[in-house]
Amino acid sequence: NTRVYNSLINGYCKLGQIQEALKLFSDLEVVDHKPDEFTVSAVIYAYCQKGDSEGALWFFSEFKIKGILPDFLGFMYLIRGLVDKGRMEESRTILTEMLQAKSVTDLLNTIDTEVDMEHVQNFLVILCERGSIQEAVAILDEIGSMFFPVGKRSISNDASAKREPRDMILANTTKSESF
416 NTRVYNSLIN GYCKLGQIQE ALKLFSDLEV VDHKPDEFTV SAVIYAYCQK
466 GDSEGALWFF SEFKIKGILP DFLGFMYLIR GLVDKGRMEE SRTILTEMLQ
516 AKSVTDLLNT IDTEVDMEHV QNFLVILCER GSIQEAVAIL DEIGSMFFPV
566 GKRSISNDAS AKREPRDMIL ANTTKSESF
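Under our numbering, think of the first position of the sequence shown as 416, with each following residue one higher.
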């Protein structure tokens, strides 16, 4: 079944053996199993691990057309891979798509808001270092609306809120980083 294939594909991807993973991926479709968000995420991870953000973006686009988006981690691998290559506009586009993906929305709505946001933090720091502070603030607002949707908790009207979304996301940045 797809879970078994996912485990094997993920294993090959973690070992950096992307060709073997892609072969299994092809076999998955031949035996009439459907790849899912975890399959797509594993392959995106492998491309990014090899420094091939172009391959990761191509793979993402191919499966986006088929209606299969990666899971949260897959999106984060892709964003990080693009940021590492200085492809900020594409990173922003992928981040926006991530925030609109049902699987990510469901995940963020079911877990504590202390999600590991290291990749997003790095992205925001790079934006600020490049002088795109307004864009960084817009992204923080988008992310904040994911963690505190209207009706669940209003950021601007809740004086008892312990931390603002910007503070939560930037809490782990080092003091040496400046905007």
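Glycine included, each C-beta is placed from N, C-alpha and C at the ideal position.
What do you get for residue i, buried or exposed, if any count of 16 or more other CB atoms within 10 angstroms of its CB means buried?
{"i": "Arg545", "result": "exposed"}
{"i": "Ser441", "result": "exposed"}
{"i": "Arg418", "result": "exposed"}
{"i": "Ser569", "result": "At Ser569, the pLDDT of 37 sits below 50, so the modelled position is not reliable and the matter cannot be decided from this model."}
{"i": "Lys429", "result": "exposed"}
{"i": "Ser506", "result": "buried"}
{"i": "Asp573", "result": "Its pLDDT being 45, under 50, Asp573 is placed unreliably by the model, and the measurement read from it follows with that caveat. Counting Cβ neighbours within 10 Å, Asp573 comes out exposed, since fewer than 16 surround it."}
{"i": "Ile480", "result": "exposed"}
{"i": "Ser476", "result": "exposed"}
{"i": "Gly501", "result": "exposed"}
{"i": "Gly489", "result": "buried"}
{"i": "Ser422", "result": "exposed"}
{"i": "Phe474", "result": "buried"}
Going by the beta-carbon positions, is the gap between residue i and residue j smaller than 7 Å?
{"i": "Ala553", "j": "Cys543", "result": "no"}
{"i": "Leu439", "j": "Ile459", "result": "no"}
{"i": "Pro485", "j": "Glu452", "result": "yes"}
{"i": "Cys463", "j": "Gly426", "result": "no"}
{"i": "Glu557", "j": "Leu514", "result": "yes"}
{"i": "Val445", "j": "Phe478", "result": "no"}
{"i": "Val498", "j": "Ile548", "result": "no"}
{"i": "Leu443", "j": "Tyr420", "result": "yes"}
{"i": "Ile433", "j": "Ala461", "result": "yes"}
{"i": "Phe487", "j": "Val535", "result": "no"}
What are the start and end residues of each continuous beta strand (DSSP E) run of 3 or more residues lying completely inside the region 426-467, in chain order?
You should have found no qualifying run.
Can you check the region 474-499 for any alpha helix (DSSP H) of at least 4 residues that lies completely inside it and give the ranges in chain order?
487-499
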